[in-house]
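Visitor: Under the working numbering, the residue at position 6 of the sequence shown is numbered 179, and the numbers go up by one with no gaps. Just passing along the structure, written as structure tokens.
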Amino acid sequence: MGLNRCSWANSEDELYKHYHDTEWGRPTHDDHKLFEMLILEGAQAGLSWITILRRRENYRRAFDDFDPKIISHYDDKKISSLLQNDGIIRNKRKVHSAINNAKCFLKVQEEYGTFDQYIWSFVDGAPILNDWQNHQDVPATTPESEKMSKELKKRGFSFVGPTICYAFMQATGMVNDHTKDCFLYHKNSARK
Numbered sequence: 174m175g176l177n178r179c180s181w182a183n184s185e186d187e188l189y190k191h192y193h194d195t196e197w198g199r200p201t202h203d204d205h206k207l208f209e210m211l212i213l214e215g216a217q218a219g220l221s222w223i224t225i226l227r228r229r230e231n232y233r234r235a236f237d238d239f240d241p242k243i244i245s246h247y248d249d250k251k252i253s254s255l256l257q258n259d260g261i262i263r264n265k266r267k268v269h270s271a272i273n274n275a276k277c278f279l280k281v282q283e284e285y286g287t288f289d290q291y292i293w294s295f296v297d298g299a300p301i302l303n304d305w306q307n308h309q310d311v312p313a314t315t316p317e318s319e320k321m322s323k324e325l326k327k328r329g330f331s332f333v334g335p336t337i338c339y340a341f342m343q344a345t346g347m348v349n350d351h352t353k354d355c356f357l358y359h360k361n362s363a364r365k
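This is the structure in structure tokens:
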């Protein structure tokens, strides 16, 4: 008998299990990783997470390993090549959003020193530890994700609605939403 995971990760897909077991819900303070997750969560809008997860390596190659300095300078030729790349989601608005968000991300870094310093302020620098019985109890948005969304939009970010922001918060460990029956329930909450 295997480990009991959050219900969304109890699939036969090893990639999903690995992501759940080693990454989802773990506090992330590395700006590079935070930027990657911001772009991937935006790309996921309207799609399932596994769709993006399966294309993650293609995204890393296509988007210069999520280097915001490089992405912020993408020109029409690069955009055209991205829109022809069947290894990513070829949505014009999402591709333009990644470029726009890279520029906004760099401005936040310039203002705060790190994006980490800014983004973690929405949870006062520490993960919110939730106590959900099962996945159906987990909300799609919270007051924190709504505030984050509003503030990011004020700064010019796109594809950062409250639901996307909450998924980003879950993915980067700003909230720990492992359910009570999961073997990782609150286990990684103190990890930095």
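Just so you know, even glycine gets a beta-carbon here, dropped at the ideal spot from N, CA and C. These numbers were taken from a predicted model, which means no experiment stands behind them.
(1) Might you give, ordered along the chain, the residues of its own chain that have their beta carbon closer than 7 Å to the beta carbon of K365, omitting 5 neighbours on each side?
(2) Under 8 Å, do F341 and L188 count as touching if we go by C-beta distance?
(3) What are the start and end residues of the alpha helix (DSSP H) that includes I262?
(4) Can you check DSSP and say which residues form a bridge with N349?
(5) Tell me which same chain residues have a C-beta within less than 7 Å of the C-beta of I198, skipping the five on either side of it?
(6) I'd like the ranges of any alpha helix (DSSP H) spanning at least 4 consecutive residues and lying wholly in the stretch 179–213.
(7) State the Cα-Cα distance for the pair D240 and V296, rounded to the nearest angstrom.
(8) Inspect the beta-carbon positions of S245 and A275 and report whether they are closer than 8 Å.
(9) Skipping 5 residues on each side, what residues in its chain have a beta carbon closer than 7 Å to that of C179?
(10) Quick one, which of T224, L207 and W222 has its alpha-carbon nearest D238's?
(11) Can you tell which of I292, S294 and T315 has the C-alpha that lies nearest to the C-alpha of N303?
(12) Only counting the same chain, and skipping five residues up and downstream in sequence, which positions put a Cβ closer than 7 Å to that of F330?
(13) DSSP three-state call for G329: helix, strand or coil?
Guide: According to the structure shown:
(1) Because the pLDDT of K365 is 35, which lies under 50, any placement of that residue in the model is unreliable, and the number read from its coordinates should be weighed accordingly. Around K365, the same chain offers P200 and H202 as residues with beta carbons nearer than 7 Å, after the five sequence neighbours per side are excluded.
(2) No; because the gap between Cβ atoms is not below 8 Å, this pair is not in contact.
(3) Unbroken run through I262: none, as it is neither H nor E.
(4) The partner list for N349 (beta bridge, DSSP) reads L302.
(5) First, the residue type needs correcting, since residue 198 is Gly and not Ile in the sequence shown. The residues Q343, G346, N349, D350, H351, L357 and N361, in chain order, have a CB closer than 7 Å to that of G198 in the same chain once the five nearest residues on each side in sequence are set aside.
(6) Look at the stretch 179–213 and you find these whole runs of alpha helix (DSSP H), each 4 residues long or longer: 187–195.
(7) About 25 Å.
(8) The answer is yes: Cβ separation under 8 Å.
(9) Around C179: H193, H308, H351, T352 and C355.
(10) Considering only alpha carbons, the answer is L207.
(11) Across the set I292, S294 and T315, the C-alpha of T315 shows the shortest separation from the C-alpha of N303.
(12) Same-chain partners within the cutoff: N274 and C277.
(13) For G329, the secondary structure class from DSSP, reduced to helix, strand or coil, is coil.
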